[in-house]
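Notes to accompany the following structure.
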Amino acid sequence: MIRTVRALSALLLTPVLLTACGSEEAGAADPAELKARARALGIAPEFVHVTEASGYTLAQQSVGVYGGDGFSATYVSQQNGTQLTLTVDRGTMTAETCPTQPPADSSGTRAECTRDGDAWYRGGGGGAEYVLPKEGYLIRIGGTGVPRDVLREAAREVHRPSADELDALLPPAPAGGTPVERGDLPPVGDGAPDNDVDAGG
């Protein structure tokens with residue numbers, strides 16, 4: 119899946135191309151299989167997506183839970199080591215809330231938002247991202263030092279995984295369908311991850 123980075127044509131730079139982001143593809147993974155594999159990891163099945171960008175390949179070890187039941191995966195450039203991070207989580211975004219939500223690198227800097235088709239392009243604080251609002255959740259493609267046209271390409275290519283992509287993305291569900299126990303979630307309280315360290319740590 120490694121491909122040489124190519125310059126996008128003027129046609130690819132038009133906002134209209136992002137209107138098809140996140141569309142279903144022919145040959146999509148079996149919904150029951152996707153559901154079983156995602157839930158075994160504590161991920162909401164509807165949040166599992168993949169993308170493509172020229173010169174970037176999936177870092178399989180990066181795939182996992184984001185937040186409570188969201189999804190996250192990172193794609194790495196073999197040419198320059200830059201990374202694209204795909205996250206899918208619950209939330210909404212409007213013209214009013216776009217600038218005030220944390221930017222891609224969470225530095226606290228107010229984001230600059232530009233509408234691009236159905237997506238928002240957000241920059242600020244050293245990072246940049248495309249955000250694709252869906253029904254009740256947000257798909258984000260972000261990175262630091264990644265050109266906007268590459269982020270746009272990755273946003274344009276976001277889709278639900280095919281059967282082959284699912285095999286490369288998520289491990290098979292364990293026998294019996296028992297979810298993996300997350301060690302960072304406390305048994306009481308609001309369920310936020312427990313980042314405390316032991317004495318001396």
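The sequence shown begins at 119 in the numbering used here and counts up by one.
Virtual Cβ for every residue (Gly too), placed ideally from N, Cα, C.
Keep in mind the model is a prediction, meaning the values are calculated, not measured.
Going by alpha carbons, who is nearest to residue i out of the options?
i	options	result
Ala177	Glu164, Gln201, Ile161 and Ala154	Gln201
Gly245	Arg233, Lys252 and Val264	Val264
Gly186	Ser280, Ala281, Cys231 and Arg208	Arg208
Phe165	Ala286, Leu152 and Ser172	Leu152
Gly145	Leu269, Arg278 and Gly241	Arg278
Ala272	Ala281, Ala291, Gly261 and Asp282	Gly261
Thr175	Arg155, Gly199, Ala154 and Tyr184	Gly199
Ala286	Glu253, Gln179 and Glu214	Gln179
Ile161	Val183, Ala154, Ala171 and Glu170	Val183
Lys252	Thr210, Arg270 and Leu159	Thr210
Gly188	Leu159, Glu214, Arg266 and Arg270	Leu159
State yes or no: is the C-beta of residue i within less than 8 Å of the C-beta of residue j?
i	j	result
Val168	Leu288	no
Ala147	Leu284	yes
Arg157	Pro149	no
Leu204	Ser195	no
Glu247	Arg258	yes
Gly173	Gln197	yes
Ala110	Cys216	Residue coverage of the chain in this structure runs from 119 to 319, which leaves residue 110 outside it and unanswerable.
Ala154	Ala291	yes
Thr227	Gly242	yes
Assuming residue i and residue j make a contact with CB atoms under 8 Å, what is their CB distance in whole Å?
i	j	result
Tyr255	Val206	6 Å
Val276	Ala171	Rounded, the Cβ-Cβ distance is 10 Å, inconsistent with contact.
query: Which parts of the region 143–182 are runs of the alpha helix (DSSP H), unbroken and 4 residues or longer, counting only runs that do not cross its ends?
result: Within the region 143–182, the complete alpha helix (DSSP H) runs of at least 4 residues are 149–158.
Within the region 184–210, note down every full beta strand (DSSP E) run reaching 3 residues or more, in order along the chain. Listed in chain order, they are 188–195 and 201–208.
#### Entry: Inside the region 213–290 only - alpha helix (DSSP H) runs reaching at least 4 residues
With a minimum length of 4 residues, the continuous alpha helix (DSSP H) runs that stay inside the region 213–290 are 266–274 and 281–287.
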